[in-house]
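Trainee:
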Amino acid sequence: MKKPPPMLEYIISSNCGQNKGPTVAFHNVMNHHPPWRSKFPISNSGNVRTLSSAALRYGRLKDAETYKKKTCLSHGFERIVYKTCAGKEYSSFSSSFWAWFMKHKFLGFAIISTLPFMSLEWIPVSERMHLAISSDEIDNMAGAIAWEVEAIKHRRQILSPDRPESIRITRILKDILQATHQILGLKNDFQVSIYVPRKELQLKDPKDPTLPTRIDFFKFHIDIIKYYSSHPNKRVQNKPQKVRRKFGIRYGTEHLEGLNWEVMVVDRPIENAAHFPNGRITFPAKLFDDPDFTDEDLATIIAYEVGHQIARHSSEYLLRLICFKFICGLVKPFLGEGLFFSKVEPLIKNIIFAFAFIRREMEADLIGIMLMAAAGYDPLRALEFHDKYGANKRAEALKNAKMMIKAKNVYDQVRAGGPRS
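Oh and the sequence shown: position 299 is 299 in UniProt numbering, straight run, nothing missing.
1. Check each candidate in 267, 396, 258 and name the one with the smallest Cα separation from residue 278.
2. Below 8 Å CB to CB, which residues in the same chain sit around residue 327 once its five sequence neighbours on both sides are set aside?
3. Looking at C-beta atoms only, is the number of pairs between the segment 182 to 192 and the segment 316 to 333 that lie closer than 8 Å three or more?
4. Nearest CA to the CA of residue 139: which residue from 185, 254, 188?
5. Once DSSP output is grouped into helix, strand and coil, what is the label at residue 236?
6. Rounded to whole angstroms, what is the Cα-Cα separation between residue 126 and residue 164?
7. Would residue 459 and residue 263 qualify as a contact pair, given that the criterion is a beta-carbon distance under 9 Å?
8. Quick one, are the C-beta atoms of residue 365 and residue 354 less than 9 Å apart?
9. Where residue 386 and residue 121 are concerned, what is the direct C-alpha to C-alpha distance, given to the nearest angstrom?
10. Is residue 335 buried or exposed, if buried means 16 or more other CB atoms sit within 10 Å of its CB?
11. How about residue 374 and residue 180: do their beta carbons lie closer than 9 Å?
12. Beta carbon of residue 318, beta carbon of residue 133: below 9 Å?
13. Can you have a look at residue 339 and say buried or exposed, based on whether 16 or more other CB atoms are within 10 angstroms of its CB?
14. Pick from 252, 343, 410: whose alpha carbon is nearest that of residue 119?
15. Quick one: Cα of residue 411 to Cα of residue 378, how far?
16. What are the start and end residues of each continuous alpha helix (DSSP H) run of 4 or more residues lying completely inside the UniProt domain "Peptidase M48" (257 to 386), in chain order?
17. For residue 166, which of helix, strand or coil comes out of DSSP?
18. To the nearest angstrom, report how far apart residue 232 and residue 187 are at their CA atoms.
19. Locate the beta strand (DSSP E) running through residue 128, then write down its first and last residues.
20. Taking the straight line between their C-alpha atoms, what separation do you get for residue 405 and residue 367?
21. Per DSSP, what kind of secondary structure is residue 182 in: helix, strand or coil?
22. DSSP has residue 192 in a bridge; who is on the other side?
23. By alpha-carbon positions, which one of 143, 168, 149, 160 ends up nearest to residue 299?
24. Which same chain residues end up closer than 7 Å to residue 403 when comparing Cβ atoms and leaving out the 5 residues on each side of it in sequence?
25. To which residues does DSSP link residue 122 through a beta bridge?
26. Kindly list the residues whose CB is nearer than 6 Å to the CB of residue 146, restricted to its own chain and excluding five residues on each side of it in sequence; keep chain order.
27. Excluding the five sequence neighbours on either side, which residues of its own chain have a C-beta within less than 6 Å of the C-beta of residue 315, listed in chain order?
28. Using 8 Å for Cβ pairs, my map puts residue 273 next to residue 305. What's the rounded Cβ distance?
29. When the Cα atoms are used, what is the spatial distance from residue 399 to residue 343?
30. Considering residue 402, what are the terminal residues of the alpha helix (DSSP H) in which it resides?
31. In the DSSP assignment, the alpha helix (DSSP H) including residue 391 goes from what residue to what residue?
32. Going by other Cβ atoms of all chains shown within 10 Å of its Cβ, with 16 needed for buried, is residue 174 buried or exposed?
33. Whole angstroms are fine: how far does the CA of residue 141 sit from the CA of residue 129?
34. Report the partner residues of residue 152 according to the DSSP bridge assignment.
35. When you compare only the Cα positions, how much space is there between residue 356 and residue 415?
36. Three-state secondary structure (DSSP) at residue 35?
Structure below.
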C-alpha cells in the first residue's frame, strides 16, 4: 500500500515594510511534527512561484508544487500549503534508511575505523583461516578493561602467589608455554605473572562504608614468577621475526611474541576458568578441593585457555559483535520492533554467535590437546577429564577428531625423548 505524500503547511508572514524577508514556519500536518522556523529573502510580492523556489532551497523539499492557497488578512499573514514529491511515489525505503543512518552513524564510523585493523590470517595448529582485529592497542585496551573489572569483582578472593595452588598453576602453565614456543617457532621470551591485591584491602571489611569504590583505588602489586623459554637472564624481548605464510596469508603468531601471561587464582564457587584478551587467565581455586584433581586435569584446563589466546577468539568475538550490531541496525527500521525483537533478532544472534561459539570451543579443545601432548601430558587424559565433569559430548568429539591422532604421535615422540613437531 502506497503511503500518501506528507502535507507541509507553510505560514508565511508578509514583509510589513521591512527588508529582512518573511518568516516561514514549516509544520507537518499529518505527523504533527513541531514547526521549524527559518528566515530567507524572497520578493516583496510573495507570489507562489517565488515561495515554492524558496521552499525548495531552504525547506529541502523535492518537486514541491502548490496544493492549496489560503489568505488570512489579519496581521498580514499568508497561509500556503504545499504537497511534496509531486508526481512521484512516496519512498518509505529512503526515509527509513536515512533515519537508520542518522541513528547509527556512530556505529558506522566505528566499523569504518575498525577496517584498517582487520587482517586475514591462519590460526596455528588448527589451520583455520579467519578474519580478526589484529591491533595490539585494541587488544590491550579490551583486555585491560575486562581484567580490571574482574579484579575488582573478586578483589577479596584472590589468592597470593605463595599458595600451593598458585605455584602448581604456574609450573604447569610454564610447561604449556614452553611447548607452545617450540611448536610455533616463537623467537621472543614469555613471562608469567601471578596477581594479588594489596594486603590492606584484604584486612578491610567489605561492608565498611569508608571503603572507596573507585576503580583506581584498587591498585595491584605484582609478585612475578618469571619463566623464560630459553635465556633466564634476559628480559622479555620484542624482536621482529620472519612470519610464516601459507598461500600468501600469514600465520597469526605476532600477538604471542614476548607476551606477559597473567594469572589470577580466585577462591570462588564457580568451577570454570576464564580467558581474557592479551594472555590473561582467571582460575578457580575450588577445583583443587577435589583430591582426584591431577596435573593432567590442570593441564587440560590451562592448555584450553591458552588455545583461546592462540586462536584470538576474543578478537574474533569483538568483530562478530560489531557485525551483529550493524546488521540489527540495518534490518530493524524495515521490520518494526515487534517482529524484529520476537523473531529476527534471535535468528541473527544464532547465526552469528551460536555456531561460532560451538566451533570456538571445539577449536580451543583441539589446540589444547596438541599443547598438552607437546608439553608431555597425555592427551587422552583430557577425555577422562571431560567425562568426569559431565561433558560427555565434548569428550566424544575430541576422541573422534583427527587432531587426537596427531596429538598421540607428538606425545609418543616427547615421551621417547624426540623433538616436538
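All residues carry an ideal CB built from backbone N, CA and C; glycine is no exception. Note that the coordinates shown come from a computational prediction; the quantities given were computed from them, not determined experimentally.
Mentor: From the atom records:
1. 258
2. 348, 352
3. no
4. 254
5. Because the pLDDT at residue 236 is just 38, under 50, the model does not fix this residue reliably, and the value given afterwards should be weighed accordingly. The answer is coil: DSSP assigns residue 236 none of H, G, I, E or B.
6. 33 Å
7. Residue numbering for the chain in the displayed model covers 1 to 421; residue 459 lies beyond these limits and cannot be assessed.
8. Against a cut-off of 9 Å, the Cβ pair of residue 354 and residue 365 comes out as no contact.
9. 30 Å
10. exposed
11. yes
12. yes
13. That one is exposed.
14. Nearest C-alpha to residue 119: 252.
15. 7 Å
16. 295 to 311, 313 to 335, 345 to 349, 355 to 374
17. helix
18. Caution applies to residue 232, whose pLDDT of 36 falls short of 50 and renders its modelled position unreliable; the model cannot decide the point.
19. 128 to 133
20. Each residue's alpha carbon lies about 13 Å from the other.
21. helix
22. 261
23. 168
24. 366, 369, 370
25. For residue 122, which the question treats as bridged, DSSP gives the partners 129, 251.
26. 276
27. 132, 133
28. 6 Å
29. Just so you know, the alpha carbons of residue 399 and residue 343 end up roughly 37 Å apart.
30. 402 to 415
31. For residue 391, no alpha helix (DSSP H) segment is defined, and its DSSP state is neither H nor E.
32. buried
33. Rounded to the nearest angstrom, the two C-alpha atoms are 25 Å apart.
34. Paired residue(s): none; residue 152 is not in a bridge.
35. 35 Å
36. Only weak support is given to the placement of residue 35: the predicted model assigns it a pLDDT of 40, under 50, and the question is left unresolved by the model.
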